[in-house]
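Under my numbering, the first residue of the sequence shown is numbered 12, with each subsequent residue one higher. Every residue gets a Cβ at the ideal spot worked out from N, C-alpha and C, and that includes glycine. Since the structure is predicted, the reported quantities are computational estimates derived from the model, not experimental observations.
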Amino acid sequence: MMDEFELKFGASAHGKVSIDAELDVVSFERRISYTLPEELRQILVHFGAAVIFQKDVKFKPNERTFLEDSDGYHALEILYGTAQDSNGLENKNATYQDQVPSGLIVLGESPGGNQVCLDKSTGRVIFWHHEAVADEESVFEIANDFGDFINRLQVDNIHPASEPDGIVKEKSFLNF
């Protein structure tokens, strides 16, 4: 599963890599009193750090928001990892604990600071719109569970991928 995930999406570890990712996953699960889905555990242990994508990755949620593109998709920028750094699960969940509705675990980020979360009570993957005024206006179901979420991920071949520096060179008037 991990080889296919890496190849299909250009997934790679970003930032500090955990020395013992398996232990970090177990410790995180204890702190949040929840056992993470097996597919997520595999990703966390395999990469040992936050996961970024060399290809543009998108997903179509179960429940429409007002933030998706014209085809109904959201982009996925990063999945948070086990390392104790700025893109670690511990740090991100501490950062958002007083903002996301109760019972949500922050897992990753979509553009604009919106978060991909896991609902501890249902196992569903949720899109949390961080600028919404009320909780009921801020959460939208992405997928029935984490496995369903992974299956929804697609490479966005419609929009040209940016170069590593963030500039689409063939559309730039600058001569590099």
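Practice item. Measure how close the beta-carbons of valine 166 and valine 68 come, nearest whole angstrom, since I'm counting them as under 8 Å. Key: 6 Å
**Study point:** Cβ neighbour criterion (16 or more within 10 Å) applied to phenylalanine 77
**Key:** Burial call: exposed.
**Study point:** Minimum length 4: unbroken alpha helix (DSSP H) runs contained in the stretch 57-112
**Key:** For the stretch 57-112, whole alpha helix (DSSP H) runs of length 4 or above, ordered along the chain, are 100-107.
**Study point:** Within 8 Å, strictly: CB atoms of phenylalanine 70 and leucine 47
**Key:** no
Point to revise | Close Cβ partners of arginine 42 (< 8 Å) along its chain, the five nearest in sequence each way excluded | key: Glu101
Practice item. With asparagine 162 as the anchor, note down where its beta strand (DSSP E) starts and where it stops. Key: It is not in any beta strand (DSSP E) - asparagine 162 instead sits in the alpha helix (DSSP H) that spans 157-163.
Point to revise | Nearest candidate by alpha-carbon position, reference lysine 131, set Trp139, Ala60, Leu115 | key: Leu115
Check your understanding: Taking all protein chains shown into account, do 16 or more other C-beta atoms lie within 10 angstroms of the C-beta of glutamate 120, making it buried, or fewer, making it exposed?
Key -> buried
**Study point:** Beta-carbon proximity check, isoleucine 169 vs glutamate 50, cutoff 8 Å
**Key:** If you check the CB distance, isoleucine 169 and glutamate 50 do not come in under 8 Å.
Point to revise | proline 122 burial status per 10 Å Cβ neighbour count (16 or more: buried) | key: exposed
Exercise for review: Identify, in the order they occur along the chain, each residue of the same chain with its Cβ nearer than 7 Å to the Cβ of valine 56, setting aside the five sequence neighbours on each side.
Suggested key: Ala32, Glu33, Val36
Practice item. Look at the alpha carbon of glutamate 17 and the alpha carbon of serine 23, and state the distance between them as a whole number of angstroms. Key: 7 Å
Exercise for review: Determine the burial state of threonine 106: buried for a count of at least 16 other Cβ atoms within 10 Å of its Cβ, exposed for fewer.
Suggested key: exposed
Check your understanding: Nearest to glutamate 150 by CA position, among Gly59, Ile30, Phe138, Asp159, is which residue?
Key -> It should be pointed out that residue 150 corresponds to valine in this sequence rather than to glutamate. Here the closest residue by C-alpha is Phe138.
Point to revise | Limits of the beta strand (DSSP E) - the one that leucine 197 falls within | key: Any answer about residue 197 is impossible in this case: the structure gives the chain only from 12 up to 187.
Point to revise | Rounded Cβ spacing between isoleucine 153 and valine 127 (contact assumed at less than 8 Å) | key: 7 Å
Exercise for review: With DSSP collapsed to three states, give me the class of serine 38.
Suggested key: helix
Point to revise | C-alpha distance - leucine 90 paired with glutamate 148, whole-angstrom precision | key: 23 Å
Exercise for review: With distances taken Cα to Cα, identify the nearest neighbour of asparagine 73 among Tyr45, Gly83, Asn125.
Suggested key: Gly83
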